[in-house]
Structure formats: structure tokens, C-alpha cells
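Engineer: Residue numbers (full-length UniProt numbering): 1 to 693.
1. DSSP on residue 348, reduced to helix/strand/coil?
2. State buried or exposed for residue 304, treating a residue as buried only when at least 16 other CB atoms are found within 10 Å of its CB.
3. Looking only at its chain, what residues have a beta carbon closer than 8 angstroms to the beta carbon of residue 558, apart from the 5 residues adjacent to it on each side?
4. Just the Cα atoms here: how many angstroms apart are residue 295 and residue 348?
5. Rounded to the nearest angstrom, how far is the Cβ of residue 405 from that of residue 396, given a contact under 8 angstroms?
6. Tell me whether residue 621 is buried or exposed, calling it buried when 16 or more other Cβ atoms sit within 10 Å of its Cβ.
7. Give the single residue among 187, 523 and 597 whose Cα lies nearest to the Cα of residue 497.
8. Rank 39, 114, 258 and 18 by C-alpha distance to the C-alpha of residue 144 and give the top, closest one.
9. Leaving out the 5 sequence neighbours to the left and right, which residues in its chain are closer than 8 angstroms to residue 695 when beta-carbon positions are compared?
10. Please list the terminal residues of the continuous beta strand (DSSP E) segment that includes residue 191.
11. Does residue 110 come out as helix, strand or coil in the three-state DSSP assignment?
12. Looking at the strands, I want to know which residues DSSP matches up with residue 392.
13. Going by DSSP, what residues sit across from residue 575 in a beta bridge?
14. Looking at the structure shown, is residue 7 part of a helix, part of a strand, or coil, going by DSSP?
15. Is there contact here, the stretch 362-376 with the stretch 322-338, by at least three beta-carbon pairs under 8 angstroms?
16. Whose C-alpha, out of 188, 165, 139 and 158, is nearest the C-alpha of residue 454?
17. How do the stretch 3-10 and the stretch 66-82 stand: do at least 3 beta-carbon pairs fall below 8 angstroms, yes or no?
18. Determine whether the beta carbon atoms of residue 670 and residue 654 lie at a separation below 8 angstroms.
19. Compare the C-alpha of residue 570 against each of 91, 221 and 156 and name the closest.
20. Give the C-beta separation of residue 423 and residue 385 to the nearest angstrom, bearing in mind that I take them to be a contact with Cβ-Cβ under 8 angstroms.
21. Give every residue of the same chain whose Cβ lies closer than 6 angstroms to the Cβ of residue 381, excluding the five residues on either side of it in the sequence, and list them in chain order.
22. For residue 568, which beta-bridge partners are listed by DSSP?
23. Please list the segments of the beta strand (DSSP E) lying wholly inside the stretch 471-528, counting only runs of 3 or more residues, in order along the chain.
24. Among 667, 601, 77 and 495, which has the Cα closest to the Cα of residue 617?
25. Is residue 351 buried or exposed, if buried means 16 or more other CB atoms sit within 10 Å of its CB?
26. I'd like the span of the beta strand (DSSP E) that includes residue 202, first residue to last.
27. Going by alpha carbons, who is nearest to residue 127 out of 120, 112, 590 and 78?
28. Is residue 240 near residue 477, with beta carbons less than 8 angstroms apart?
29. For residue 63, which residues in the same chain have their Cβ closer than 8 angstroms to its Cβ, ignoring the five residues on either side in sequence?
30. Contact between the stretch 109-119 and the stretch 284-300: three or more CB pairs below 8 angstroms?
31. Bridge partners for residue 695 per DSSP, in chain order?
32. Residue 307 to residue 421, Cα distance in whole Å?
33. Are at least three pairs of beta-carbons, each pair with one atom in the stretch 533-541 and one in the stretch 171-187, less than 8 angstroms apart?
34. Whose CA, out of 690, 461 and 76, lies closest to the CA of residue 708?
35. If you draw a straight line from the C-alpha of residue 206 to the C-alpha of residue 222, how long is it?
36. Determine the DSSP secondary structure at residue 35, reduced to helix, strand or coil.
If you want it as C-alpha cells, here you go:
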């Protein structure tokens with residue numbers, strides 16, 4: 001019997017939607033894209049209005065045949081791919097393959113996979129939005145032209161396997177430029193003077209910082225100036241001359257958009273952008289929850305809008321009132337402003353069911369799903385709560401003609417902070433500081449005067465979180481591009497990651513210099529941001545995508561020809577190691593492979609010797625006495641094993657310490673379990689655990 005056919009991208013999404021639509025609907029998955037540009041050629045006819053040449057993706061032939069058969073027997077076809085440009089493009093390709101008329105109302109979208117959202121979408125199908133399709137197609141064609149025109153040039157002039165891209169080249173440049181800033185940074189000396197004070201009859205000391213004098217702030221640039229001030233205030237009384245009490249409110253952070261979710265997951269959970277998006281997609285498409293079946297737990301996860309539906313606000317306010325109390329609910333529902341460039345078609349990222357507390361469904365989620373869902377849930381609930389209120393106190397303390405200042409704050413009402421506090425890139429929240437209740441004219445007791453020398457620090461290297469933040473602030477790329485961009489520049493060997501910090505490699509610096517000198521527009525931040533805005537204008541029907549391509553290519557073609565002539569052959573410096581090749585005696589060199597760096601003999605192809613690069617852990621094996629080295633699994637997880645691993649077999653996931661076991665003299669390891677850390681013996685059979693201090 002003919003029924004309705006609903007096509008989504010993934011089986012997980014199909015399973016979740018199937019719960020809501022009943023027997024009259026068959027839900028099937030396209031498994032993502034079904035057509036794309038060919039990999040073997042550019043696939044864009046530049047001379048024919050940049051006409052893209054789409055082909056069936058390899059391996060999708062049987063799936064397409066199955067979709068055609070099911071579509072032929074269906075009474076009505078609904079295309080329910082994701083509610084963004086890429087999802088619209090997938091629906092457009094499916095419509096072409098299944099011969100669905102352009103004017104057919106076959107497209108349905110929902111921001112959350114809930115019963116109401118899905119059923120309401122089925123009641124209001126629309127035509128495929130060709131502006132959205134064109135916006136996606138324009139980006140695809142532009143990226144293909146940039147990549148397939150510049151990459152062969154890099155292959156020819158530098159080495160095979162390199163690539164350039166509209167967003168990845170700018171991201172690499174940002175990291176490379178930051179490294180240059182750090183290398184060229186000249187530290188400047190400055191000093192501070194801290195006074196540790198207490199009330200004459202008080203026991204609790206507090207700190208005050210040197211500010212200046214009655215004429216204003218004094219910068220302490222050298223030790224001579226500091227000594228002059230210390231000499232001038234020696235023996236003088238510390239007297240409170242000004243006390244200012246006030247109340248300060250702190251408002252919650254807005255609910256997540258894609259970029260802020262990636263940043264916060266990196267800060268608080270240690271997730272890469274790639275992992276964050278993978279887990280978030282699982283939460284959106286649906287997870288089996290005990291007692292409920294397959295459920296979409298969060299709204300759509302690719303968005304740059306902080307908008308929240310009136311219905312969700314109302315439910316959340318009621319939940320907060322019931323769970324935390326009426327004073328935790330602000331008088332008016334919170335509305336957050338979007339950036340001017342933000343497209344407001346979607347909502348922010350929020351839980352679909354506010355009553356599903358993360359801890360109540362923890363057993364139904366993987367560890368990663370639980371952590372990210374908890375982060376999204378807490379951030380959203382906090383965003384709809386009352387402000388936190390602080391009592392603040394600031395005082396001026398005169399010492400002769402000089403002034404010290406002290407400021408403190410104390411939480412009066414926790415508000416949203418009882419649920420969630422936004423992370424920071426500078427290692428966490430500033431601590432609450434208390435100073436005693438002081439009165440004007442009160443004399444204080446000096447416990448200690450502490451002059452310190454400091455030097456200004458260079459700008460910090462990017463982490464994945466701070467790079468995403470910068471890309472977003474500068475208008476480079478869009479929510480869906482951040483994760484694949486970072487994955488690409490790491491995979492290409494342009495950038496390396498060490499303890500969360502991103503460093504440009506020598507190759508990354510070379511490619512960036514070539515791009516800056518020959519394709520300055522492609523790596524120019526302002527030009528790239530303006531191009532993003534033009535492409536966004538296609539989405540709302542403000543510009544025709546072909547005209548944008550023509551304007552771009554006119555200048556790009558000229559630059560490409562000039563670059564072909566001006567770029568000479570580039571030699572990448574070879575990093576020579578101190579490891580000797582045991583087969584031919586030459587010093588082995590560092591090479592980059594699929595799984596990172598390795599050592600190879602420079603005598604190739606005569607000598608084929610190669611070996612992994614191993615870093616010593618600084619301890620000896622508890623089984624055979626050999627050196628313990630640091631290795632990585634194929635997925636990049638670190639582990640520690642004996643250098644004689646085939647004969648010895650010692651291996652541990654736990655990080656070695658420089659402490660010895662008092663029982664057996666083997667080294668101790670740091671064993672982490674959640675937030676708990678245990679120091680224990682590395683030797684099998686030894687039960688020593690170091691007592692906590």
C-alpha cells in the first residue's frame with residue numbers, strides 16, 4: 001500500500017522521527033550527500049557561468065536505486081534533511097535524482113526533533129529554497145576554484161599533498177602571524193608593590209596594590225623608582241582615606257551558538273572542535289533514552305543565533321521557579337542580541353526537553369554525550385535565570401603622599417551562578433576576594449611590603465577554542481566550517497598541537513608566506529570576511545551567486561598567472577636528528593607521514609630504513625630496566641611503554657612521575673579517574689598508593 005516517504009540524512013535521525021509519524025510514513029536515510037563535484041577534476045565550467053558538474057558519489061549507486069524505487073511507490077515525498085544551507089542542497093540533489101518538480105511542496109524542516117516540531121513540519125511543507133541552495137553552491141564552487149587552482153601550484157613548487165583553501169589558509173595565517181609576533185616580542189620591565197595589611201585589632205590580612213599619588217597613577221618601570229617610593233613611605237602610617245561600597249550585578253552568558261559551544265567544550269571538557277560537533281550531532285539526531293525510546297535531546301547544532309522560542313522560554317522559567325525558587329527567575333524573559341551578520345532562521349542550541357536533567361538520563365548516554373549534554377543544558381538554564389549580585393568594597397589607603405588601593409567582592413545572591421559559570425581562556429574564574437569592613441580615617445597595620453619585578457608577556461598562542469573565537473569575531477567562515485578547517489590544517493601538517501596550543505610548522509610558515517606574497521586576497525582577513533557577507537546575501541536573495549563568482553575570478557585569474565611565473569622552486573628545510581641509521585650510518589631526518597612525524601634515512605631510495613620518533617619519559621622500566629618511552633595510538637592517545645616492548649611487554653596509560661615507590665623502588669604513576677588523581681606504583685603486584693597530603 002502506497003504511503004508517505006520521508007528522507008533524512010542518517011539512520012539515527014530516521015529512528016527518532018519514526019517514533020512520531022506512525023504507520024502511514026516510511027522514513028529512510030540518504031546517508032548524507034548523494035551527489036558532489038568529482039574528486040579527480042575541478043568539476044566547474046568556468047566559461048559557462050561556473051556551471052558545476054555533479055556526479056553520483058562513489059558507492060551510493062545502490063542506495064540511490066533503492067530511494068528511487070521507494071519514491072516511485074510513495075504517495076507523497078518529504079525531504080527532511082538538516083535545516084541549513086547544506087541540508088537544503090542535499091534536498092535539492094535528492095529532488096533532482098527522484099524527479100521531484102521544483103514547485104512541489106516537498107521540503108520540511110524542524111529546529112528540534114520532537115513530536116510537535118516534526119508533526120507541525122509535516123503539516124506545512126514548502127518548496128525547496130533555491131536561494132539557500134545557491135548560497136551553498138556558491139561556497140562549494142568558490143572553494144573548489146581556490147583549492148583546485150592553487151593546490152597544484154603548491155604541489156609543483158613546494159611538495160605533493162599540499163592544499164590551499166579560502167578559510168584554511170586564513171586560519172593557518174592567523175597561527176603563523178601569532179608565532180611571528182611571539183618570536184619578535186621584546187619584553188618590557190615593570191614593577192608592582194603589594195602591601196599586606198590588617199586592621200590594628202584584626203586578624204585577617206588583606207592585600208592592597210600601589211596605585212600612585214594624589215595626582216594620578218604612577219607606572220613603575222624600574223627598580224630605582226620602586227626603591228625611591230619604598231624609602232619615602234618607610235615608617236609612614238597606612239590610613240584609609242576613601243571607602244566605596246556598592247552592589248554589582250553579573251548577567252549570565254547567552255545560550256550556545258555553534259562557535260561558543262565549541263569554545264566552551266574545549267575549555268571545560270578538553271574536546272576538539274571535531275569531537276564536539278560529532279557528539280552534538282548525535283544528541284540532535286537522537287539517542288535511546290531508557291523509558292522514552294529514541295529522542296533528539298538538543299536543537300539544531302549549526303547556528304549563529306541566540307534566539308529562544310517563546311514556548312521554550314516559558315517552560316524553562318517554570319522549571320527554574322519550581323527547582324530553584326521564584327527569586328531565581330528574572331521579571332522578564334531574557335532576550336539576547338545577535339550579531340548583525342547573524343541569520344536568525346534558527347534558535348540557539350538548547351535542550352529540547354528542559355525537564356530531562358542530565359543526571360537523570362546519564363545511564364542512557366555515553367560519557368562524551370553526557371558531558372556535552374550537561375554543558376548545553378546548564379548553559380541554557382543559566383541563560384534564563386536571574387543575575388548574580390555582588391557586594392563590592394573598594395578602598396584608598398594613603399601612605400604619606402602615595403596611595404594604595406584594595407578592592408573586594410562577596411556574592412550576595414548567586415542567581416545563575418548556582419547552575420553554571422562561563423569558562424575563560426585565562427585559566428578559570430577570578431576568585432572572590434574579601435576585605436574587612438573598613439572605615440575612613442582608620443589606621444592599618446603593615447604586615448609586609450612586597451615589591452616585585454615583572455616583564456610583559458607576548459600574546460598567547462592559539463588554542464582550538466581561541467582560534468574559533470577569533471575566526472568568528474573576524475567573520476571568517478561560518479558555524480559549519482570551524483571544525484573541518486582545524487582538522488584540515490592539522491592533517492596537512494601546517495599546524496601542530498602540543499598541550500592544546502597550536503604551533504605553525506616550518507611547512508605552514510612556508511605555505512603562508514607563499515600565499516601572502518602571491519594570493520594576498522585569499523589570506524586577507526578583511527577580504528575573506530567581505531566575501532562571506534556577499535555569500536550570505538545570496539541566501540536572502542540579495543545577490544546572484546554567478547555574479548559574485550565572475551567578480552572574484554576576474555582578478556583571481558590574473559593573480560594565478562603571475563604566481564605561476566614568479567614563484568620559484570621552494571626547498572623545505574630538512575630537520576636532521578642525532579639518531580644514526582644502523583643500516584648505512586647517516587644521520588636520520590624527520591619526515592611527516594599520515595600519522596605524524598617519523599625518522600627516515602636520507603639515503604632513500606638506496607636505504608629504506610625508517611622508525612618512529614619516540615620521546616623518553618625520563619624513567620626506567622620496572623620490569624627490565626630499559627627506558628620508558630612515550631608512544632601514541634593511531635587515534636592519537638598517549639601511552640607509556642618499555643623501549644624493549646616486544647621482549648618486555650611493559651605498558652601503562654598512566655603518566656610516570658619522578659617519585660620512587662618506598663616499597664619496591666619502581667617509579668610512581670599519576671592515575672586519573674574523572675576529576676580524581678591517584679599517585680600509585682607502576683610495578684605489577686605492588687599495591688602502594690601515595691597518601692593524599
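A virtual CB, placed ideally from N, CA and C, is assigned to each residue, including glycine.
Structural biologist: Well, looking at it:
1. Residue 348 falls in the coil class under three-state DSSP.
2. buried
3. none
4. Rounded to whole angstroms, residue 295 to residue 348 spans 19 angstroms at the Cα level.
5. 6 angstroms
6. buried
7. Between residue 497 and the set 187, 523 and 597, the nearest pair of CA atoms involves 597.
8. 39
9. As shown, the chain starts at 1 and ends at 693. That puts residue 695 outside it, with no answer to give.
10. 189-199
11. coil
12. Per DSSP, 246 and 409.
13. Bridge partners of residue 575: 590.
14. strand
15. no
16. 188
17. yes
18. One thing to note: residue 670 has its Cβ within 8 angstroms of the Cβ of residue 654.
19. Between residue 570 and the set 91, 221 and 156, the nearest pair of CA atoms involves 156.
20. 18 angstroms between Cβ atoms; not a contact.
21. Closer than 6 angstroms at the Cβ level, and outside the excluded window around residue 381, lie 419.
22. Its beta-bridge partners do not exist; DSSP assigns none.
23. 495-498 and 501-504
24. The alpha carbon of residue 617 has as its nearest neighbour, out of 667, 601, 77 and 495, the alpha carbon of 667.
25. buried
26. It is not in any beta strand (DSSP E) - residue 202 carries neither H nor E in the DSSP assignment.
27. 78
28. Not closer than 8 angstroms, so no.
29. 30, 31 and 34
30. yes
31. Not covered by the structure: residue 695. The range shown for the chain is 1 to 693.
32. 20 angstroms
33. no
34. Given that the chain is displayed from residue 1 to residue 693, the structure contains no residue 708 and the question cannot be resolved.
35. Computed Cα separation, rounded: 26 angstroms.
36. strand
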